[in-house]
């Protein structure tokens, strides 16, 4: 049974809903899934899993395209790890009216690459709330994970 850790940061509830959707779909296909809010998660714990999925929003406050404050500790710790046996996927919702759309997805993808982990599916960038096309992309992530 594939052990999956989903870590999310959500301001509007969109990424929490994405995490819940992924959990439901993965469990229905036989995966053992843990979900945790990013401010409570420890990056070191990812070594205990086969697959990690991160879902984060991009903060667009004073400057555009930053990681949210509650994601910083997890992100900074992730950058320091070596996780060559881990598989990962990254997704997140954002607002395409901002110049730096879903930058958090790119930052987390780069951080995972730096750890030596292997990406199992293309990163998914969702404009605001997921629509049918976004759910199809998330389903591809699920299929890639359960195929391991």
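Numbering (full-length UniProt numbering), first residue to last: 1 to 148.
We treat Cβ as the ideally placed atom computed from N, Cα and C, and that holds for glycine.
Q | Exposure label - residue 38; buried when at least 16 CB within 10 Å | A | buried
**Q.** Among 134, 120, 132, the one whose alpha carbon lies nearest that of residue 50
**A.** 120
**Q.** residue 96 burial status per 10 Å Cβ neighbour count (16 or more: buried)
**A.** exposed
Q: Would you mind reading off the limits of the beta strand (DSSP E) that contains residue 52?
A: 51-56
**Q.** Backbone CA spacing between residue 62 and residue 99 [nearest angstrom]
**A.** Note that residue 62 scores 49 on pLDDT, short of 50, meaning its location in the model is unreliable; the coordinates nonetheless yield the value given after this. One C-alpha to the other measures close to 13 Å.
(Q) Taking only three categories from DSSP, how would you classify residue 62? (A) Residue placement at residue 62 is flagged as unreliable, the pLDDT there being 49, under the threshold of 50; a coordinate-derived value is accordingly withheld.
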